[in-house]
Every structure is written in C-alpha cells, then in structure tokens.
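Okay, so here's the structure we're looking at.
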C-alpha cells in the first residue's frame, strides 16, 4: 500500500477528507467545543495549536465541521494518515482512546483514501464462488475443546466435513498448547479435511487459527496453505489490524480470511467511550481485508444488542469505495434453534458460526441437520 | 520463545498457575459465581463445561480460587498459554473483553511462566548505563508538530541534543506523511543527532517512531539503526504487543525501546470494564520487552488519576521473575514547572517526557533549563 497523497488545499472539497463523528458524554463536564478543539490537535499535531505555523493550523490540524449538542464532527486531510493503516487507526483512535467520555459514532472515508486499500480479497461473492453457494448462508464451526490432541480434533473435523460444513476452523484459543502443538495440529487436520474434500461433492476447508508469534505469522499462513488449509483465522486485536492487511494482500497466499474479535471488546462495549460496533467489526475489518467478520451475536454469551449486531452487518454490506462487501458472522453461544431467527435478522449473506452447541447430543446428527436446513435456502 | 511446559497435575502447586483477579460490576445483575463459571471456560475451552472430558474440566479449564463479594479469582494452568505472548493475552482478555462489567484488577505470573520471556533488554540499569546517568531522571522529548519537513524536525532535534536531552523521539503520529516521509525523516534526523552526539560529552539519541506497516516493522528498525538511530518508539496497541517482543529479543538490533499507549486507552479508562492501568502499562509492557513505558500523567490532557499513574510506576518496578524493572514515562501535556512534583511522586527512576510545552518561548532556553534542573539530581 502506498502512502495517500497529501490533500490539495486548492480543491477544498470534503470528498478529500476523512470525517469522524464523535459523541461527547455530558457526564465529563467539558463543553463539546473544548473537546473538539482538543481532539483535532491531539489526533494530528499533538502540539499547542497557537504555537503551530499558520499553514499547519489550516492544512494539517483536523477541522471542526460541526457541533450539534453533544455530537462533534471533525474532518482530517488524507495526508495525516500517510503511511497506511497503522497511522489511519492512530488518527482515528490513538490518543483519543485515553480520554474518557468520547465515542466515535460515524466515520466517512473518501474514495481517494479507500483507493489506497485493496480490502477483502474474496468478499461475499468470492467466498460464495469458492463454496459453490450462490445464495444460502455459509456454515462454519470451531474445533474444540482445547485439551484434545490433533488426532481427536481431526476426527471431529472429519465428522463436520462429512456432514457438509463449508469451513471448519480452529477455536481461536488453539495456539500451540502442549496438547496440540500448532504444526502437528494444522498438518494433521489439513490432511484429514483434504481427504474428505477430495472424495465429496461438497467443498469443505480447514481454517487454522493464526494465534502465533508475530514473527511467525506470515510463514505460518504459507505453511498452513502448503499443508492444505483452505482459509485462515486471524486475531487482529492481538496481532494488529495491519497484520490482517498483510495476509489479505498476499497474492501467493490467496485464501479467505475470517477475523476474530478477541481483545477488541473494550473498544466497543462502553456506551460512553470507544468506537461504535459497526465501525470496528464492519468498516475496519473490511478495510484491513477480512472476508468474514466474527462478532458475538445478541442473545448469546456476550453483551452486544440486536441493534449493535445489525449495525455491524450493515457496515459489512454498505458501499465502501471499491472494497467488497463481507460476511457478518455472529457467534458466541449460538444454538441450532436460533438459525431461522438469525437468517430473518441478517438475511442470507451470513456465515453461521455454531460451535459448542453442536456437541450436545450426537455431533454427526446435529451437523447434518444444520447442513440440510441451510442447503434449501 | 518456546511454548511453556504443561502443568504437571501431580505438583498441584499454585506456583505453576497464572492467577487473574476480576472485579464484577454489580450493575450487570449476574451473580459473581455465575460470571466466574463463564469466564473460566470462556478463556480456555470455550465449550459447554459439562460436555468436556473430565480430565479437561480438571486440567485445562480455569479453576475458581475464591470469590469475595464482587471479586473473583481464577487460576489457569500454564499449558493454556502455550504458544507465547499472543495466546497469553488471549487467555487474559480475549473473549472476556466482550463482556460488560468485568475488570481485571490483579495478575500473578509464576516464575515458570516468566522464565519463557526475556522481557526488557535494557531495563532501568541498562538505559542508565547507556546515558551514563546513574541516579538522575532521564529526559525525553518529541519532535513535532506534524507538517514540518525532515530538515525542520532535524533542526529541532539539533537544538534538543545540544541542550543535552537523552532521547529525542518522533512524535508517535509521525508515520510517513507527505511532509516528512519515513525514510527521509529518519535518515536526516539520525545523521544530525549523531553529528551533535559525536562532538559532545553527553550522549543523545534519536528515537524514530515505528509507526510503519506490519510487514516493514523489523526491517524499518534495522534500517533506522543502520542510519544511526539509538532507540525505538513502538506502538503495541496498533502493531500488537508481540511485535514489541520481537524487537526487544532481536540481539542484532540491541536498542532500547519506548512503548506508546496509542489505541490502548479503552482497555483501561472504563472503571467497570477492562484491565487495570498497572497491568497494561506496567506488567504487560515489561513482559513484551519495553524499557520505558509512556502513559498520560495525571493532571495533563488525559483522564488518568494520580493513583492510577502510581500503580503503573509500581508495576514497572516490582519484582517480576528475572525481568528487569523499567522506566515509567508519564507524559501528555507536561510542563516544566511540574517537574519537581513529578520527581517527588515517581522518584528518580523516571523518564521525563516533555513535549509541546518546551516550545512555548525559546526552545533552546527551555530545554537547557530542564537539562540543568535534572543534572543535579
């Protein structure tokens, strides 16, 4: 990715600026105008505004576009994000994250900015083609529990592949535990799933978790592909959003990527602080190159509301420059009997992620029932 | 780093387990016992407890060590963190981050776990040796504002090096903006600071910001060293804590590392959710290998209280296996007249980080005044 061009001050059009909308909690007792003045300098020059040269005040510092009660809109020239996704996220939420009572509720990214990103390599249409599934929801499940050996996890994977699951992923916490070291596990399961896949009409892939040290991430992804893995699970809250971009842009790798929300919760769950759910699990994941974005569904083990989940699904789908729409994948304690409701809420452009619940009773029967229910959609 | 060994169930001693203390917000309306049961499975097997084999229930799932009103203590066997820092952070705060009303308030790491980490390469004593400063606080400042050219930033660096600052760092938001592209900036400023350093009794180093794409991070660090940079600024909230570990463990690089809190604020600022300030900016930074940890000082532009800041300083200093203690570096709107108070609160094992305030009036005079004030300590 090359650095975005600097804003041409002669143009002066908002179409060349990033617009961030912040909601200020009245509880912090600071006037929105004062907070806006602080943010626009904090996220750019981090320097007393009055001491900056006039041209920097005008062309580098964020510009207050409007204040409506507790809602503040600030625009930033593209030049400040020069250097890529890391610095973009720093402008978005770097130092402001340390302030209490500020929440980002909207984000507008101009075409000139988005042109610097290739985004999801597959997106909804690419993943659908891969699984020859033009209209139905996709099916994903996780190999668990931690503690099982590669062979035991592999046996589960075989059952799920035989039933016709599209994607069989590692539980995101499967790293390189003594019970199932990374290389042994990924090699064993890749082989087993490839064997089933070769003898089946239906395409099933194994998706290992890239819960690996930073200096082994890219190599591990390539190694997994060589062994036969057909997709990758990435944890950008732990390995950095830009590591996701690196994997998505890797043309030799060329595998669909699912993103996991691990460690990102605090960025969204506080209603008065953070970044809105849709921006984190929709817009940013898409910008970084995820093809499928996991988040905890409402009514499961976690705290997201239905509205927040729908906001994520919407952000996965709305136009975003030339970047492909991606699959929302609400998980976290989902059960078979909730599938009709989930399809009603999210529509068919959905990757169903059902884990532990499949194991209550007979795994093979439960898996087959789910595959059959979805096949007709 | 090699994967920790699995817990030997025959030992049964707590000294082989990681102990995490969580405070549960009564406002969520769930009994602490129920939250504890959820967390201990969520952070390990992520699977219905009753469906897991008995040995996994006993030896893999976290163990509730105690519940005292709203405070819950859970211990984890080292095996679950197998794979390194990424998975350790996932066990600590991966999925739990998605729950509302849970905050980690204490963390005990056994020697057997800590032995897997080399931590800070320099630590307080190593950094002190480098700058021949056996007792006084160290002095650091940031090159700003964004918008200046490499030559202009370099001229500021020359003034600060002449005055006798120990470390002259890039503002963390200096990435590769069109006004000062990364390579041109780092090369120019490295050369200028090295020139001053060579002709001076005092050792000053330039510390570039590694606000760069993930796939360029290690190479950028080595390139900066080759050009003459003498320390590195890392943003683990954006590039991942494990990227900090990779740089700290790099023996060819062998440069002190300062960590910046960008993007990490939401993990600490909500009193009812997140991880305590000391654990994030003390324990985790030290585990990952920072020699100096920046955080926003109380009474500056941000929201940290004096108590929270002292908690960070304490976590930088307390025994942590064989890992060296590190410098706390409270910044964010610090002024010259607050220096005596900061030394009184934090002691001399402190890296003073004073930025924009030095530019109010004559930079050279302000810088010299600060250096002189600190030299006598």
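Protein chains in written order, with the working numbering: chain A, 1 to 377; chain B, 1001 to 1377.
Think of the CB as a built atom: it goes at the ideal place given N, C-alpha and C, for glycine as much as any other residue.
Report task. Closer than 9 Å by beta-carbon distance: list the chain A residues that pair up with residue 1030 (chain B), in chain order. Result -> Mapped onto the second chain, residue 1030 (chain B) falls at position 30. None at all; the shortest Cβ gap to chain A is about 11 Å.
Query raised in the report: In chain order, what residues of the stretch 43-61 of chain A put their CB closer than 8 Å to some CB of chain B?
Result: 43, 44, 45, 46, 47, 48, 51, 52, 53, 55, 56, 59 and 60
**Report entry** Same chain, Cβ closer than 7 Å to residue 1269 (chain B), five either side skipped, listed in chain order
**Finding:** Your numbering for residue 1269 (chain B) matches position 269 in the second chain. Once the five neighbours on either side are set aside, the close Cβ partners of residue 1269 (chain B) are 1303.
Query - Chain-ordered neighbours of residue 171 (chain A) on chain B, where CB pairs are closer than 7 Å - result: Sequence index remark: in the first chain, residue 171 (chain A) carries index 171 (1-based). By Cβ distance, chain B contributes 1046.
Report task. Take the Cβ of residue 169 (chain A) as the centre, count every other Cβ of all protein chains shown within 10 Å, and call the residue buried at 16 or more, exposed below. Result -> On the first chain, position 169 is the one that residue 169 (chain A) refers to. Counting Cβ neighbours within 10 Å, residue 169 (chain A) comes out buried, since at least 16 surround it.
Query raised in the report: Does any C-beta atom of chain A lie closer than 7 Å to the C-beta of residue 1088 (chain B)?
Result: In the second chain, counting from the first residue as 1, residue 1088 (chain B) sits at position 88. Not one chain A Cβ lies under 7 Å of residue 1088 (chain B).
Requested in this report: Note down, in chain order, each residue of its chain lying with its Cβ closer than 6 Å to the Cβ of residue 231 (chain A), except the 5 sequence neighbours on either side.
Outcome: The count along the first chain starts at 1 and reaches residue 231 (chain A) at position 231. These residues qualify, in order along the chain: 167, 205, 207, 255 and 256.
Requested in this report: Show which residues of chain A have a CB atom less than 7 Å away from the CB atom of residue 1095 (chain B).
Outcome: Counted from its first residue, the second chain places residue 1095 (chain B) at position 95. Near residue 1095 (chain B) (Cβ distances below 7 Å), the residues of chain A are 262.
Query raised in the report: Within 10 angstroms of its Cβ, does residue 1055 (chain B) collect 16 or more other Cβ (buried), or is it exposed?
Result: Position 55 of the second chain holds residue 1055 (chain B). Exposed, by the Cβ-count rule.
Query raised in the report: Can you give the beta carbon distance from residue 1120 (chain B) to residue 1245 (chain B), rounded, assuming they're within the 8 Å contact cut?
Result: Position 120 of the second chain holds residue 1120 (chain B). Position 245 of the second chain holds residue 1245 (chain B). Not confirmed; about 10 Å, so no contact.
Query raised in the report: Between the stretch 352-360 of chain A and the stretch 319-328 of chain A, are three or more C-beta pairs nearer than 8 Å?
Result: no
Query raised in the report: Which chain B residues sit within Cβ distance under 9 Å of residue 328 (chain A)?
Result: Against the first chain, residue 328 (chain A) aligns to sequence position 328. Those do not exist, as residue 328 (chain A) stays about 15 Å from chain B at its closest Cβ, beyond 9 Å.
Requested in this report: Look at the alpha carbon of residue 1164 (chain B) and the alpha carbon of residue 1323 (chain B), and state the distance between them as a whole number of angstroms.
Outcome: On the second chain, position 164 is the one that residue 1164 (chain B) refers to. On the second chain, position 323 is the one that residue 1323 (chain B) refers to. Answer to the nearest angstrom: the Cα atoms are 30 Å apart.
**Report entry** residue 1310 (chain B) - containing alpha helix (DSSP H), residue span
**Finding:** Position 310 of the second chain, counted from the start, is the residue given in the question as residue 1310 (chain B). Residue 1310 (chain B) -> alpha helix (DSSP H) spans 1306-1317.
Query - residue 259 (chain A) in three-state terms, based on DSSP - result: Taking the first residue of the first chain as 1, we reach residue 259 (chain A) at position 259. Strand at residue 259 (chain A).
Query raised in the report: So which residues on chain A does residue 1038 (chain B) lean against when the C-beta distance must stay under 9 Å?
Result: Mapped onto the second chain, residue 1038 (chain B) falls at position 38. Using a Cβ-Cβ cut-off of 9 Å, residue 1038 (chain B) is close to 301 of chain A, given in chain order.
Requested in this report: Would you grab the beta carbon distance between residue 235 (chain A) and residue 262 (chain A) for me? Rounded to a whole angstrom, and I think it's under 8 Å.
Outcome: In the first chain, residue 235 (chain A) corresponds to position 235, counting from 1. In the first chain, residue 262 (chain A) corresponds to position 262, counting from 1. The Cβ separation is near 5 Å, so the contact holds.
**Report entry** Whole-Å CB distance - residue 1280 (chain B) paired with residue 83 (chain A), under 8 Å assumed
**Finding:** In the second chain, counting from the first residue as 1, residue 1280 (chain B) sits at position 280. In the first chain, counting from the first residue as 1, residue 83 (chain A) sits at position 83. With 8 Å as the limit, residue 1280 (chain B) and residue 83 (chain A) do not qualify as a contact, their Cβ atoms being about 25 Å apart.
Query raised in the report: I think residue 361 (chain A) touches residue 1045 (chain B), with their Cβ atoms under 8 Å apart; what is that distance to the nearest whole Å?
Result: Start at 1 with the first residue of the first chain, and residue 361 (chain A) comes out as number 361. Start at 1 with the first residue of the second chain, and residue 1045 (chain B) comes out as number 45. By a beta-carbon distance limit of 8 Å, residue 361 (chain A) does not contact residue 1045 (chain B). Their separation comes to about 18 Å.
Report task. Over the uninterrupted alpha helix (DSSP H) stretch that includes residue 1346 (chain B), give me the two end residues. Result -> As a first step, residue 1346 (chain B) must be located in the second chain, where it is residue number 346. For residue 1346 (chain B), the enclosing alpha helix (DSSP H) begins and ends at 1339-1346.
Report task. Anything in the stretch 64-79 of chain A with a Cβ closer than 7 Å to a Cβ of chain B? List those residues in chain order, please. Result -> 79
**Report entry** Exposed unless 16 or more other CB atoms sit within 10 angstroms - verdict on residue 195 (chain A)
**Finding:** Taking the first residue of the first chain as position 1, residue 195 (chain A) is located at position 195. Residue 195 (chain A) comes out exposed.
Query raised in the report: Any idea if residue 1294 (chain B) is buried or exposed, counting beta-carbon neighbours within 10 angstroms, 16 or more meaning buried?
Result: Counting from 1 along the second chain, the entry for residue 1294 (chain B) is found at position 294. Classification for residue 1294 (chain B): buried.
Query raised in the report: Near residue 1367 (chain B), which residues of its chain fall below 7 Å by C-beta distance, leaving aside the five closest residues on each side in sequence?
Result: In the second chain, the residue the question calls residue 1367 (chain B) occupies position 367. Counting only Cβ-Cβ distances below 7 Å, and skipping sequence neighbours, we find 1159, 1160, 1163, 1165 and 1358.
Query raised in the report: Ordered along the chain, which non-local residues of its own chain (more than five positions away) have a Cβ less than 7 Å from that of residue 1184 (chain B)?
Result: Mapped onto the second chain, residue 1184 (chain B) falls at position 184. Around residue 1184 (chain B): 1150.
Requested in this report: Determine which residues of the stretch 351-368 of chain A have a Cβ less than 9 Å from any Cβ of chain B, and write them out in chain order.
Outcome: 355, 356, 357, 359 and 360: these are the residues of the stretch 351-368 of chain A whose beta carbon lies less than 9 Å from some beta carbon of chain B, given in chain order.
**Report entry** Continuous beta strand (DSSP E) stretch holding residue 1074 (chain B): start and end
**Finding:** By one-based count along the second chain, residue 1074 (chain B) stands at place 74. Here the beta strand (DSSP E) through residue 1074 (chain B) covers 1071-1077.
**Report entry** Per-residue burial, residue 226 (chain A) [other beta carbons within 10 Å of its own, 16 or more giving buried]
**Finding:** Numbered from 1 along the first chain, position 226 holds the residue referred to as residue 226 (chain A). When all chains shown are included, residue 226 (chain A) counts as exposed.
Query raised in the report: Which residues in the same chain as residue 364 (chain A) place their Cβ atom closer than 7 Å to its Cβ, once the five residues preceding and following it in sequence are excluded?
Result: Numbered from 1 along the first chain, position 364 holds the residue referred to as residue 364 (chain A). Correct list, in chain order: 159 and 163.
Query raised in the report: For residue 259 (chain A) and chain B, any beta-carbon pair shorter than 7 Å?
Result: Numbered from 1 along the first chain, position 259 holds the residue referred to as residue 259 (chain A). So no, residue 259 (chain A) is outside the interface.
Query raised in the report: Would the stretch 1092-1110 of chain B and the stretch 1016-1024 of chain B be scored as touching if the rule is three or more Cβ pairs under 8 Å?
Result: Flag = yes, the stretch 1092-1110 of chain B and the stretch 1016-1024 of chain B touch.
Report task. Use the C-beta contact count for residue 243 (chain A): other C-beta atoms within 10 angstroms, 16 or more gives buried, fewer gives exposed. Result -> Locating residue 243 (chain A) in the first chain gives position 243, counting from the first residue. Its Cβ being crowded by 16 or more others within 10 Å, residue 243 (chain A) is buried.
Query - Contacts around residue 1209 (chain B), its chain only, beta-carbon distance under 6 Å, and the 5 residues preceding and following it disregarded - result: The residue given as residue 1209 (chain B) occupies position 209 in the second chain. Cβ neighbours of residue 1209 (chain B) beyond the five flanking positions: 1170, 1172, 1174 and 1233.
Query raised in the report: Secondary structure at residue 1199 (chain B), three-state DSSP: helix, strand or coil?
Result: On the second chain, position 199 is the one that residue 1199 (chain B) refers to. Correct three-state label for residue 1199 (chain B): coil.
Query raised in the report: On the three-state DSSP scale, how would you describe residue 1145 (chain B)?
Result: Translated into positions along the second chain, residue 1145 (chain B) becomes position 145. Looking at residue 1145 (chain B) - three-state DSSP - the assignment turns out to be coil, as it is neither helix nor strand.
Query raised in the report: What does a CB cutoff of less than 7 Å around residue 33 (chain A) pick up in its chain, not counting 5 residues either side in sequence?
Result: Position 33 of the first chain holds residue 33 (chain A). Around residue 33 (chain A): 67.
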